[in-house]
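First residue of the sequence shown? That's 213 in my numbering, and the numbers climb one at a time after it.
Note that the Cβ used here is the ideal one computed from N, Cα and C, for glycine as well.
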Amino acid sequence: MSDRRLHLIITFRLRITNGLDGESLTRDGAYAYGASSSFQYLDDDQSSTHSSYLSGDPTASSILDLQDGTDPDGLRPSLHRSGTTASVSLGTRKMKAVDLSAPPFTKEFIDQYRHRIKSDPDPEAHFKYAKYLIDAAKNIGANAPDQRAVRKYRELLVQEALKVVRRLATQGDPFAEAQFFLANCHGTGMLGLQVDHERAYHLYLQAAKQNHSAASYRVAVCNEIGAGTRREPPRAFAFYRKAASLGDTSAMYKLGMVLLSGGLGQPRNPREAVAWLRRAAEQADEDNPHSLHELGLLHENPDSQIVPYDPLYAKNLFTKAAQLGYTQSQYKLGQCYEYGSLTCSVDPRRSIGWYTRAAEKGDAEAELALSGWYLTGSDAVLKQSDSEAYLWARRAANKGLSKAEYAVGYYAEIGIGVKQDIELAKRWYMRAAAQGNKRAMNRLTELKRMGNRRGVAARPTRQQAKDECVVC
């Protein structure tokens with residue numbers, strides 16, 4: 213190959229690479245001229261690895277491959293865009309410690325990750341490495357034949373992760389996120405650590421001093437309930453305010469509720485309370501939907517002296533919270549569509565839908581409401597079912613809801629969804645009466661007057677069920 217031809221080829225390759233990457237190829241690396249007449253970019257500490265990788269790539273030498281006869285003058289190499297892009301991007305990409313977009317959980321990858329992370333000075337990178345080790349310990353070797361060896365290896369990974377986190381949390385310039393994580397481990401007994409609330413509180417406090425918002429919130433909670441430290445309501449309030457000012461959504465909600473009710477020894481301040489609830493509502497997510505619901509309760513009250521009465525806005529707030537999975541808002545919407553309140557039209561389908569979503573998450577009020585719908589059914593929406601009515605009421609009663617205990621007693625007395633059993637009815641009535649349910653007390657008095665005679669009460673209609681509060 214002539215010198216002039218080789219010079220043109222090299223120049224063309226450099227122009228292509230600079231055009232794609234926008235930076236010089238000579239930055240932080242070296243060139244190696246291979247036997248295949250193509251340049252390969254070598255990272256300083258991984259030159260052999262990348263060289264072998266590129267030499268095995270059939271596209272690596274395609275740029276300077278002149279044997280396809282497409283250049284009659286012999287002055288330009290053939291340019292295949294896909295081959296060019298592949299070879300250039302592999303050679304000039306700035307190398308990071310490891311790609312964590314979808315890390316595999318294999319021993320080989322762990323060893324490689326461990327080797328590469330040693331040269332990374334970033335504490336956040338080391339913290340991510342520790343969390344990866346924990347994830348790897350949960351996933352690696354699930355199908356391996358020797359599970360005993362796998363368990364031992366998993367334990368080693370967890371211990372290595374803890375060692376990294378401890379070092380980050382206690383080094384000269386401690387990493388706040390590591391302190392917060394380690395505090396959670398001590399507070400919950402995670403990763404095999406013994407529960408130590410005092411140690412957890414100390415770590416939360418150290419992270420809070422670095423303005424870690426979530427740690428500041430945890431310090432406030434510890435001071436409020438006396439976990440790992442003595443109960444100090446004023447100190448708890450101060451840290452709730454600090455965490456809220458740092459942007460923690462849970463702290464904003466808590467601070468708003470404290471100021472709204474005058475808790476923790478603080479004077480009521482409804483105006484500031486609403487301001488914090490609104491800020492929390494702006495950041496609401498699946499973990500923090502509470503402020504939306506509380507604002508909805510304020511705006512649905514026509515006698516509220518704190519915010520304007522606005523039923524449509526209240527419904528919208530409940531809807532947002534319900535869509536985020538908040539069961540109390542889901543139950544609230546079920547009521548709205550059942551009774552036609554807060555600008556909602558009566559809509560059995562939507563009412564049953566919202567009640568069902570809340571009931572499936574274990575909300576006792578929604579379970580009892582759903583029992584009421586099954587008791588009577590709804591045309592073209594829900595088929596009537598005595599057994600479902602009884603089972604949903606029983607689920608709510610098992611959670612200690614006195615209204616549900618009364619309903620189960622009523623079902624047992626009449627024989628709805630269960631065989632008529634006066635003694636069973638009495639037992640449920642007594643449980644409800646023990647919680648102060650007056651109607652349960654009245655039924656017990658009536659049954660005592662009747663003696664062992666069975667009642668002959670008729671099945672209630674849906675309106676009767678509502679009016680008599682059998683299932684409300």
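Beta-bridge partners assigned by DSSP to residue 594: 590. By the Cβ neighbour-count rule, residue 404 is exposed, with fewer than 16 other Cβ atoms within 10 Å of its own. Here the region 496–503 makes no contact with the region 471–485; the two share fewer than three CB pairs at distances below 8 Å.
At least 8 Å separates the beta-carbon of residue 593 from that of residue 626.
For residue 434, the three-state secondary structure derived from DSSP is helix. If you draw a straight line from the Cα of residue 663 to the Cα of residue 655, it is about 12 Å long.
Using a C-beta cut-off of 8 Å, the region 351–361 makes no contact with the region 386–405, since fewer than three inter-stretch Cβ pairs fall below that distance.
Residue 394 and residue 415 do touch by the CB rule: their CB atoms are close to 5 Å apart, below 8 Å.
Residue 445 carries a helical assignment under DSSP once its states are collapsed to helix, strand and coil.
Residue 461 and residue 486 have their C-alpha atoms roughly 14 Å apart. Secondary structure at residue 556: coil, using DSSP grouped into helix, strand and coil. It is roughly 16 Å from the alpha-carbon of residue 451 to the alpha-carbon of residue 412. Taking every protein chain shown into account, the CB of residue 657 has fewer than 16 other CB atoms within 10 angstroms, so this residue is exposed. Residue 518 carries a coil assignment under DSSP once its states are collapsed to helix, strand and coil. In the structure shown, residue 480 adopts coil according to DSSP, grouped into three states.
Note on geometry: alpha-carbon atoms of residue 448 and residue 434 lie some 8 Å from one another.
Looking at 355, 548 and 335, the one whose alpha-carbon comes closest to that of residue 318 is 355.
Residue environment: residue 377 is assigned as buried (16 or more neighbouring CB atoms within 10 Å of its CB, all protein chains considered).
By the neighbour-count definition (other C-beta atoms within 10 Å, threshold 16), residue 514 is an exposed residue. Per DSSP, the continuous alpha helix (DSSP H) segment holding residue 541 begins and ends at 539–551. Pairing residue 365 with residue 344 gives a Cβ-Cβ distance that is not under 8 Å. In the three-state reduction of the DSSP assignment, residue 500 falls in the coil class.
Assigned with DSSP and collapsed to three states, residue 398 falls in helix. As the crow flies, the alpha-carbon of residue 409 is around 30 Å from that of residue 489. Just so you know, the alpha carbons of residue 480 and residue 470 end up roughly 8 Å apart. DSSP, read as helix, strand or coil, puts residue 657 in helix.
Excluding residues up to 5 positions away in sequence, 413, 434 and 435 lie with their Cβ nearer than 7 Å to the Cβ of residue 441 in the same chain.
Taking C-beta atoms under 8 Å as the contact rule, residue 468 and residue 492 qualify, at a distance of about 6 Å.
DSSP, reduced to helix, strand and coil, places residue 317 outside both helices and strands of the structure shown, so it counts as coil. If you look at residue 337, you'll find it in the alpha helix (DSSP H) that goes 335–351. Sorting 585, 484 and 603 by C-alpha distance to the C-alpha of residue 596 places 585 at the top. In the three-state reduction of the DSSP assignment, residue 523 falls in the helix class. For the set 618, 623, 617 and 612, the Cα lying nearest the Cα of residue 600 is the one of 623.
Nearest C-alpha to residue 422 among 549, 534, 388 and 495: 388.
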